[in-house]
Structure formats: C-alpha cells, structure tokens
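Read top to bottom, the protein sequences are chains A and B. Whatever position you read off the first sequence (first residue = 1), add 50 for the numbering used here. Whatever position you read off the second sequence (first residue = 1), add 50 for the numbering used here. Glycine included, each C-beta is placed from N, C-alpha and C at the ideal position. Since this is a predicted model, take the numbers as computed values, not measurements. For reference, the structure is listed below as structure tokens.
There are 2 protein chains.
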Amino acid sequence: MVLDGSLRVVVLAGGVGGAKLAYGVAMQVTPQRLAIIGNVGDDFEHYGLHISPDLDTVMYTLAGIANPTTGWGIEGDTRQMLDMLTRYGEEPWFGIGDRDLATHLLRTAWLSAGHSLTEVMARLSAALGVGCRLLPATDGLLRTMVDTRELGTLPFQEYFVRHRWQPIVERIWFRRDGACEVTRQVCQAVEQADLLIIAPSNPLLSIGPILEVDGMRDLMAKRRGPCIVVSPFVGGRAVKGPADKLMRELALDFSPRGLARFYAGLIDGLVIDESDAGAPQPEETPVLITQTLMVSAADKVRLAGEVLAWGGELAE
Amino acid sequence: MVLDGSLRVVVLAGGVGGAKLAYGVAMQVTPQRLAIIGNVGDDFEHYGLHISPDLDTVMYTLAGIANPTTGWGIEGDTRQMLDMLTRYGEEPWFGIGDRDLATHLLRTAWLSAGHSLTEVMARLSAALGVGCRLLPATDGLLRTMVDTRELGTLPFQEYFVRHRWQPIVERIWFRRDGACEVTRQVCQAVEQADLLIIAPSNPLLSIGPILEVDGMRDLMAKRRGPCIVVSPFVGGRAVKGPADKLMRELALDFSPRGLARFYAGLIDGLVIDESDAGAPQPEETPVLITQTLMVSAADKVRLAGEVLAWGGELAE
Numbered sequence: 051m052v053l054d055g056s057l058r059v060v061v062l063a064g065g066v067g068g069a070k071l072a073y074g075v076a077m078q079v080t081p082q083r084l085a086i087i088g089n090v091g092d093d094f095e096h097y098g099l100h101i102s103p104d105l106d107t108v109m110y111t112l113a114g115i116a117n118p119t120t121g122w123g124i125e126g127d128t129r130q131m132l133d134m135l136t137r138y139g140e141e142p143w144f145g146i147g148d149r150d151l152a153t154h155l156l157r158t159a160w161l162s163a164g165h166s167l168t169e170v171m172a173r174l175s176a177a178l179g180v181g182c183r184l185l186p187a188t189d190g191l192l193r194t195m196v197d198t199r200e201l202g203t204l205p206f207q208e209y210f211v212r213h214r215w216q217p218i219v220e221r222i223w224f225r226r227d228g229a230c231e232v233t234r235q236v237c238q239a240v241e242q243a244d245l246l247i248i249a250p251s252n253p254l255l256s257i258g259p260i261l262e263v264d265g266m267r268d269l270m271a272k273r274r275g276p277c278i279v280v281s282p283f284v285g286g287r288a289v290k291g292p293a294d295k296l297m298r299e300l301a302l303d304f305s306p307r308g309l310a311r312f313y314a315g316l317i318d319g320l321v322i323d324e325s326d327a328g329a330p331q332p333e334e335t336p337v338l339i340t341q342t343l344m345v346s347a348a349d350k351v352r353l354a355g356e357v358l359a360w361g362g363e364l365a366e
Numbered sequence: 051m052v053l054d055g056s057l058r059v060v061v062l063a064g065g066v067g068g069a070k071l072a073y074g075v076a077m078q079v080t081p082q083r084l085a086i087i088g089n090v091g092d093d094f095e096h097y098g099l100h101i102s103p104d105l106d107t108v109m110y111t112l113a114g115i116a117n118p119t120t121g122w123g124i125e126g127d128t129r130q131m132l133d134m135l136t137r138y139g140e141e142p143w144f145g146i147g148d149r150d151l152a153t154h155l156l157r158t159a160w161l162s163a164g165h166s167l168t169e170v171m172a173r174l175s176a177a178l179g180v181g182c183r184l185l186p187a188t189d190g191l192l193r194t195m196v197d198t199r200e201l202g203t204l205p206f207q208e209y210f211v212r213h214r215w216q217p218i219v220e221r222i223w224f225r226r227d228g229a230c231e232v233t234r235q236v237c238q239a240v241e242q243a244d245l246l247i248i249a250p251s252n253p254l255l256s257i258g259p260i261l262e263v264d265g266m267r268d269l270m271a272k273r274r275g276p277c278i279v280v281s282p283f284v285g286g287r288a289v290k291g292p293a294d295k296l297m298r299e300l301a302l303d304f305s306p307r308g309l310a311r312f313y314a315g316l317i318d319g320l321v322i323d324e325s326d327a328g329a330p331q332p333e334e335t336p337v338l339i340t341q342t343l344m345v346s347a348a349d350k351v352r353l354a355g356e357v358l359a360w361g362g363e364l365a366e
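Here you go:
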C-alpha cells in the first residue's frame with residue numbers, strides 16, 4: 051500500500067503523548083480520512099462543569115492552540131477564575147484556564163440540552179478549525195476508578211491531578227452508568243480504516259478505557275488494516291505520567307515484550323524507542339525501532355510519517 | 051432617635067445605584083445591624099450558570115472590588131472566557147468577566163447541591179469580607195418579564211442587556227415558578243428595622259420585583275421604623291438605565307409627586323435631588339431636598355449620612 055493522502059487512518063489517543071502523535075498524523079493524512087478516537091474515562095464533573103481532559107488536549111493540540119509547556123490547556127491562558135475561587139476559600143486542584151472555561155461551559159450547556167458528547171466535540175473542534183474527526187470512544191458514561199493503597203478508591207482525576215499519581219495503585223476499574231457502547235461514528239471509522247494506530251498513551255489509563263467500551267475490542271479484532279502501537283516508554287520509563295510506576299505497582303511487564311502481550315490480538319506491529327532495543331522483545335509481533343521522543347513539531351511529523359509508512363508496508 | 055451604630059437598618063437595593071447608597075450606609079452602620087435586601091427578578095441562566103446581577107453588584111460594591119467605571123463586575127477583570135466563546139462562534143451578549151465567573155460557578159454548584167440562594171450569598175459575601183447581611187428578597191423563582199412593542203415578551207436581561215433597554219415597554223410582569231415568599235431572614239430584618247431605606251434604584255425593575263415577593267408589602271406595611279425612599283431621578287432623568295424612559299412609556303408620573311404615589315403606603319419620607327425641587331411635589335409625604343448624585347465614595351457616605359440622620363428624626 052502506498053502512503054498517500056488516501057489512506058484511511060484511525061488513531062486511538064489519550065492525552066498529551068497521544069495528542070502529539072495525532073498532530074503528526076494529522077499533518078500527513080487528508081482530514082476527511084482521519085479519525086482520532088479519544089478517551090472519556092478521565093472525564094469528570096468539577097464545579098458543575100463537564101470536563102473532558104483528554105479530548106480537549108487532543109483538540110487544542112490539533113487546533114494549534116495547546117500550551118506548549120504543559121501539553122494541555124490553551125497557550126497564553128490565564129487563571130483569573132481560579133484565583134477568584136481561591137479568594138472564595140476554595141482550593142481548586144484542577145487547572146482550568148479562563149479560555150479553557152469556555153470549552154467546558156459550552157460542553158456542559160450543550161450536553162444538558164441533550165446533545166451527545168460526539169456532537170459537542172464535533173461542533174467545538176470544527177469551530178477551532180480541526181479538520182479531522184475527534185470522536186469520543188463512547189457517548190455513555192464510563193469513568194476510570196483507581197483503588198489506591200493509601201486513600202482507597204479515587205475517581206481518576208483525584209488520583210491523577212489532586213494526588214499527582216503518587217498513591218500506590220492496587221486496581222483500576224471502570225464505573226459505568228447505563229450503556230457504554232462504541233458510537234456509530236467510531237464503528238464506521240474503525241471499519242473503514244486502512245490503518246489503526248494506538249498512540250504512545252498510558253496503556254492502562256488512556257487506551258484501557260477506550261478498549262473497555264462495549265464493542266470496541268470486537269471492532270478492533272475485525273480490523274481490515276493493520277494496527278500499530280507506539281510504545282509510551284523511552285528507556286524503560288514513561289515520558290510523562292505514571293505508566294511505568296503504575297505497571298510496576300500492578301506487577302505488569304512493561305518491556306516491549308510485555309507491551310505486545312498487553313495488546314495481544316489487537317496489534318500487528320510495535321514501535322519502540324531505540325533506548326529500549328536491549329529490553330525483552332516480543333516473539334511474534336514485528337517491531338520497528340526508532341526515536342519515539344516527540345519534542346518539536348518536526349519530531350511529531352517524522353515519527354508519525356514512519357508509523358504511516360510502516361503501516362503501509364504491513365498492509366501489503 | 052440618635053444616629054449611632056445601634057440603629058438597625060434595612061436597605062432595599064437594586065443594582066448599581068442601589069449598591070452605591072448601600073455602600074454609603076454600610077460605612078456608617080454596624081455590620082451586624084445592617085441588612086441589604088436585593089432584587090432577584092433579574093436573575094437568569096446563561097450558559098448553564100445561575101447569574102444574579104443585582105446581588106453581585108451589591109456584593110462586589112460592599113466588598114470594595116466593583117469595577118468603578120461600570121459599577122458592575124469586578125475591577126480589573128478580564129474577558130478571556132468571553133473571547134474564547136466568540137472563537138467558538140457564540141455571540142455572548144452578557145458581560146461575564148473571568149473572575150466574575152467564579153461567583154457564578156460557585157453559586158450554580160451550591161444551588162444544585164441544594165443550598166438556598168440566601169445561603170449561597172451569605173457564604174460568598176462573607177468570603178469577600180462583607181460584614182452585613184446581603185439577603186435575596188426570596189429564595190423562590192421570580193423573574194421579571196418585559197412585554198415590548200417591537201419584540202414581544204422578553205426575559206429581563208434580554209430586554210435590558212441584549213437589547214440595551216431600547217424596545218418600547220408595554221407591560222412588566224413577573225414569572226413565578228412555585229412559591230416566591232419572603233425568606234425568614236428578610237422577615238426578621240424588616241421586623242427589627244429601626245429604619246428602612248429604599249435605595250435610588252429603578253422603581254419598576256429593581257424595587258418592583260422585591261415588593262412583588264409574597265409577603266413583602268405586608269411586611270413593609272407593618273414596619274416599626276420609618277421608610278425613606280431616595281429618588282433615582284436627577285433633573286427628571288434616571289442617572290443610569292431606563293427608569294424615566296420606562297415610566298414615560300407606561301404613562302407613569304415620575305416627578306417627586308408621582309414617585310411618592312408609586313410607593314404610597316410604604317414610605318414616610320422622600321429624598322430628592324435639588325434639581326427636581328421645581329417639579330410637582332407630594333402633598334403629604336415629607337421631602338428632603340439634597341444632592342443625590344453619587345460619584346465619589348464621599349458622595350455616597352454623605353448622602354447615606356443625611357438619609358440616616360433624617361430617618362432618626364422621622365422616627366422620633
């Protein structure tokens with residue numbers, strides 16, 4: 051298969067790391083042929099607002115307005131509202147910028163007017179000039195829950211942001227409220243995809259909740275094109291966030307071999323960083339060794355280009 | 051009665067003009083002995099937020115953080131959220147500053163957690179260092195509605211802000227959802243008051259909705275101290291807003307005589323500006339002629355001082 055604009059690509063992405071690769075892919079695939087499937091497991095309600103941190107990170111990144119320092123939030127955003135909350139005696143622990151607030155206000159208002167999260171994200175991302183589809187894995191309520199040794203069960207954001215992923219994790223599970231099925235739009239995108247890419251996101255906390263959506267694993271299993279996962283590890287450590295700490299706490303192997311096992315049956319290729327070439331490798335899954343650290347825009351485009359090219363080869 | 055800190059005072063206040071006089075009174079009355087009863091008729095929901103413009107204007111003014119240019123909103127506040135809303139294709143017509151948003155978010159969250167508006171305002175205003183009680187006239191839902199010639203029936207803020215009070219008004223009425231009774235706190239404050247002051251607020255749009263609350267007129271009629279109204283007119287015109295335009299459209303006399311008739315049975319004294327000394331005067335209600343325009347803090351304190359002193363005399 052030749053890598054050209056006609057390749058239909060789906061990227062499964064979590065937050066910051068996933069958004070970076072999604073950006074690189076979006077620079078090389080015709081927008082109409084690209085869909086990003088995003089994680090809603092870390093969505094939560096905060097001061098009455100429905101916040102979708104991972105979806106927003108991808109949206110802001112693709113729109114070119116993400117804060118380049120943090121990877122999340124909007125570049126140049128301010129904290130007037132948060133400062134005022136503090137003046138009211140609150141102790142806000144989740145960073146909501148003033149511009150960012152507009153996103154949450156509109157999402158919350160539109161959801162309560164009866165629109166689906168899929169519709170909301172389509173409208174928001176189109177307004178910001180994002181050409182590809184940004185699809186929540188489900189319009190149902192699926193929330194990542196973390197059982198910790200020190201603090202008991204925590205909703206994801208309390209674990210991740212409030213307690214800075216420091217508590218020791220004993221179990222990750224998913225709270226559901228009603229049906230949590232893959233959406234029609236996700237089905238269509240995956241069924242038509244020539245290539246599926248699992249972005250370098252946390253396997254347990256970002257990709258896990260996507261795979262947990264009813265129908266998602268079956269849909270992935272019936273894929274017509276290859277599925278490539280890009281390892282989130284560099285030199286045996288997560289580039290950002292708790293992926294390695296967490297997998298260690300849960301006694302999971304997070305070497306390339308372990309990662310291939312984690313995604314067993316779902317992937318046809320694994321991309322790892324050259325710094326992990328000496329770690330245990332998968333026996334059956336093909337591996338592409340390259341530089342996976344994405345700092346500059348050029349890094350993102352180069353890595354995405356290599357993944358797309360390899361996807362073309364694997365499809366042949 | 052001697053004017054000292056022991057006078058128990060209640061001020062009925064609308065927005066900007068009312069807040070100015072309330073500020074002047076608050077500078078001279080022991081906080082524990084002062085209650086401001088505020089208008090909720092102009093409350094509304096906007097992007098899912100419960101906004102109480104008049105209560106907030108009074109609160110920000112008493113807290114010393116009001117925007118001195120507009121009289122409403124918070125000094126030095128920014129418009130990042132509003133600018134982002136515009137980027138999303140919205141046309142926000144109500145000015146919500148970024149700091150101001152914290153107030154609306156907390157109020158909305160606390161109301162939906164089951165707290166009353168009275169409790170919410172107590173908590174917010176205490177956090178901002180406001181010592182006196184700032185009491186919504188009711189915790190029920192009472193909304194000012196305006197029938198206009200050009201645009202039909204409009205909720206108050208659509209008339210007032212969105213259409214800048216330009217449509218010709220044919221009728222003002224109040225939408226109620228369930229009981230709209232005076233609160234226990236309002237009852238207690240009015241019953242104990244040595245002096246009631248009706249601030250120079252719009253009689254129809256600011257004071258009217260307070261008097262419309264079930265039980266309010268009866269409560270005022272049983273007052274034990276005198277009630278003084280300060281005219282919102284200077285030279286036969288409203289200092290700010292549509293009071294004169296509106297009263298003309300509704301064929302109401304807004305001379306000092308007309309104002310005394312409007313408040314017939316409720317007031318024992320009328321304070322007017324010296325520029326209105328030549329207009330028709332009330333036949334029975336005592337009139338105090340002074341300078342009522344409040345520009346500086348000193349103006350507010352002086353006018354409030356004169357009203358308090360006259361209240362003391364009338365009570366004797």
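Per-residue DSSP class, three states only, for residue i
{"i": "Thr80(A)", "result": "coil"}
{"i": "Arg58(B)", "result": "coil"}
{"i": "Met344(A)", "result": "coil"}
{"i": "Val108(A)", "result": "helix"}
{"i": "Ala176(A)", "result": "helix"}
{"i": "Cys182(B)", "result": "coil"}
{"i": "Leu358(B)", "result": "helix"}
{"i": "Ala288(A)", "result": "strand"}
{"i": "Phe304(A)", "result": "coil"}
{"i": "Glu231(B)", "result": "strand"}
{"i": "Pro276(A)", "result": "coil"}
{"i": "Phe283(B)", "result": "strand"}
{"i": "Gly67(B)", "result": "helix"}
{"i": "Asp318(B)", "result": "coil"}
N-terminal and C-terminal residue of the alpha helix (DSSP H) that residue i is part of
{"i": "Thr340(B)", "result": "First-last for Thr340(B): Val337 to Thr340, but that is the beta strand (DSSP E), not the alpha helix (DSSP H)."}
{"i": "Pro118(A)", "result": "Looking at the DSSP string, Pro118(A) is not in any alpha helix (DSSP H), and its letter there is neither H nor E."}
{"i": "His154(B)", "result": "Asp148 to Ser162"}
{"i": "Val236(B)", "result": "Arg234 to Gln242"}
{"i": "Leu261(B)", "result": "Gly258 to Leu261"}
{"i": "Asp294(B)", "result": "Ala293 to Glu299"}
{"i": "Leu135(A)", "result": "Gln130 to Arg137"}
Sequence-distant residues of its chain with Cβ nearer than 6 Å to residue i (five each side left out)
{"i": "Met77(A)", "result": "Val351"}
{"i": "Glu356(A)", "result": "Thr340"}
{"i": "Ser102(A)", "result": "Asp93"}
{"i": "Gly114(A)", "result": "none"}
{"i": "Pro81(B)", "result": "Gly181 and Cys182"}
{"i": "Leu135(B)", "result": "Pro142"}
{"i": "His100(B)", "result": "Arg157, Thr158 and Leu161"}
{"i": "Phe144(B)", "result": "His96 and Val211"}
{"i": "Leu167(A)", "result": "Pro186 and Asp189"}
{"i": "Pro292(A)", "result": "Trp215"}
{"i": "Ile86(A)", "result": "Val61, Ala63, Ala72, Val108 and Leu184"}
{"i": "Arg225(A)", "result": "Arg193 and Met195"}
8 Å Cβ shell around residue i - same chain, five flanking residues per side excluded
{"i": "Pro336(A)", "result": "Asp318, Gly319, Leu320 and Leu364"}
{"i": "Ile124(A)", "result": "Tyr110, Ile115, Ala116, Asn117, Gly147, Arg149 and Asp150"}
Cβ neighbours of residue i in the same chain (closer than 7 Å, five flanking residues each side left out)
{"i": "Leu156(B)", "result": "Leu174"}
{"i": "Gln242(B)", "result": "Arg58"}
{"i": "Leu132(B)", "result": "Pro142 and Ile146"}
Beta strand (DSSP E) segment containing residue i, residue limits
{"i": "Glu95(A)", "result": "Phe94 to His96"}
{"i": "Arg226(B)", "result": "Val219 to Asp227"}
{"i": "Arg193(B)", "result": "Leu191 to Thr198"}
{"i": "Leu269(B)", "result": "Leu269(B) -> not in any beta strand (DSSP E); alpha helix (DSSP H) instead, spanning Met266 to Ala271."}
{"i": "Gly202(B)", "result": "Gly202 to Pro205"}
Whole-angstrom C-beta distance between residue j and residue i, which should lie under 8 Å
{"i": "Gln130(A)", "j": "Asp148(B)", "result": "4 Å"}
{"i": "Val196(B)", "j": "Ile222(B)", "result": "6 Å"}
{"i": "Asp323(A)", "j": "Leu343(A)", "result": "7 Å"}
{"i": "Gly361(A)", "j": "Ile278(A)", "result": "6 Å"}
Task: Three or more C-beta pairs below 8 Å linking the segment 84-98 of chain A and the segment 180-195 of chain A - done: yes
Open item on the list: With three or more C-beta pairs closer than 8 Å as the rule, is the segment 292-305 of chain B touching the segment 215-222 of chain B?
Closed with: yes
Task: Cβ pair count under 8 Å reaching 3, the segment 252-262 of chain A against the segment 63-72 of chain A - done: yes
Open item on the list: Under 8 Å: do the segment 202-210 of chain B and the segment 228-247 of chain B share three or more Cβ pairs, one atom per stretch?
Closed with: no
Task: Proximal residues, the segment 157-175 of chain A versus chain E, C-beta separation under 7 Å - done: Absent here is chain E; the protein component of the structure consists of chains A and B.
Open item on the list: Under 8 Å: do the segment 273-285 of chain B and the segment 244-258 of chain B share three or more Cβ pairs, one atom per stretch?
Closed with: yes
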